[in-house]
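Notes follow once the structure below has been shown.
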Amino acid sequence: MDSETHFGHYWRYEHFGRSRGEIAVDVWGIVQLVVNGGALLGGAAVWKTYVESLREGQRTKDSEIALLKTDRDIWKDKVRQLEERSPEVMEQVLGRRIELREAEIIRMGEDQQKNQAELDKALREKSDLQSDLARTKGFRRVLELEGDDDEDRKTLDELLGPEREIEIVEIGQVGVDSGMLMLTDPCYIDSEWSLEPWALGSRYDDSARGKTYVQDEDFVRFDEKLRDYGKTPTQLIEEGVWVKQQDVEIPPNYSYNGAASVTLRRGYGELNYRKGHSGAGVVFSTTFGDGGYIVYGELRNGQLVRVYLNLT
470 MDSETHFGHY
480 WRYEHFGRSR
490 GEIAVDVWGI
500 VQLVVNGGAL
510 LGGAAVWKTY
520 VESLREGQRT
530 KDSEIALLKT
540 DRDIWKDKVR
550 QLEERSPEVM
560 EQVLGRRIEL
570 REAEIIRMGE
580 DQQKNQAELD
590 KALREKSDLQ
600 SDLARTKGFR
610 RVLELEGDDD
620 EDRKTLDELL
630 GPEREIEIVE
640 IGQVGVDSGM
650 LMLTDPCYID
660 SEWSLEPWAL
670 GSRYDDSARG
680 KTYVQDEDFV
690 RFDEKLRDYG
700 KTPTQLIEEG
710 VWVKQQDVEI
720 PPNYSYNGAA
730 SVTLRRGYGE
740 LNYRKGHSGA
750 GVVFSTTFGD
760 GGYIVYGELR
770 NGQLVRVYLN
780 LT
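Put into structure tokens, the structure is as follows:
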């Protein structure tokens, strides 16, 4: 083999060897490029997921903040409404109204004869406002559950501890069939309660027959027709057949008669023990008569400190 032929074989071998190496390098580069691209795409996907998670978390926090702001505004309104109904605010409002009435009274007093009717009206309104103010102050003192000195307040905190939690709970319901309710110690019922015949019915004398007719015994309603007369009590009274006796004053005894007498006369009051001194109970009328009335209690640190009853 001559040298020229040998060189040709060598050249072809070297050329072929370099081409395979170059091809291997190109394939490996493509593989690396694909792997790097996949890593970049995976990283991008992870990053996108992370960013979306952050955005979702931010949206959730924004929603929570908006909800908290709404709740805050609602509670602000409730606090404002309670403050407006508080005894202190009521005292201020009543005080301003009294000042206005006093100014009107002074102005109208300059020409008293001309403005006598308006002056009387203003005086009555001022008196009513002063009564309302006194009741409001009294109610505020009851709500405070504190006396006028620091010793009383210290004793309350010693008994119940510092005020940490206030809770309003429903104690129960009380039924009413007499239009009245009574606050009393149950131990007095057996020893102090008097069982008496009904004594508050109005009494009417018929002099011609020599007989007395008692409301709730001989008749119930004034518009019902009586069998003995064929007429109603109202007609008999108007015709002068019946003459009403003077009502008997019933003392506020610890009895149904006493309770009815107190509520009919004033709407509320105290009942007396058998010996005559007060304190056996307190009785009061309900606003709309019979029914069921829910009683609520206020707990301070778990201890019952007030009882509320809505009479309407």
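Just so you know, the sequence shown maps onto residues 470 to 781 in my numbering.
Quick reminder that beta carbons are idealized off the backbone N, C-alpha and C, glycines included.
Per the Cβ contact rule, the stretch 633-648 is not in contact with the stretch 677-695 (fewer than 3 Cβ pairs under 8 Å).
Counting other Cβ atoms within 10 Å of its Cβ, T529 stays below 16 and is therefore classed as exposed.
Closest in alpha carbon position to T653, among K517, N741, N779, L510, is N741. Taking C-beta separations shorter than 7 Å and ignoring five residues to either side along the sequence, the partners of E573 in its chain run A591, following chain order. Straight through space, the alpha carbons of E533 and I567 are spaced by roughly 48 Å. The stretch 739-755 makes contact with the stretch 645-663; the number of CB pairs closer than 8 Å reaches 3 or more.
In the DSSP assignment, the residues bridged to V751 are L652, E739.
Counting only runs of 4+ residues, the alpha helix (DSSP H) found wholly inside the stretch 638-692 occupies 656-661, in chain order. In this structure, Q642 is the residue among R672, E718, Q642 with its C-alpha nearest to the C-alpha of I763. In terms of Cβ geometry, E686 and G670 form a close pair [threshold 8 Å]. About 14 Å separates the beta carbon of V717 from that of D674, a gap too long to meet the 8 Å contact definition. Looking at V710, E767, S724, the one whose alpha-carbon comes closest to that of P666 is S724.
L768 is bridged by DSSP to E636, L773. The criterion of a C-beta distance shorter than 8 Å is not satisfied by G760 and V689.
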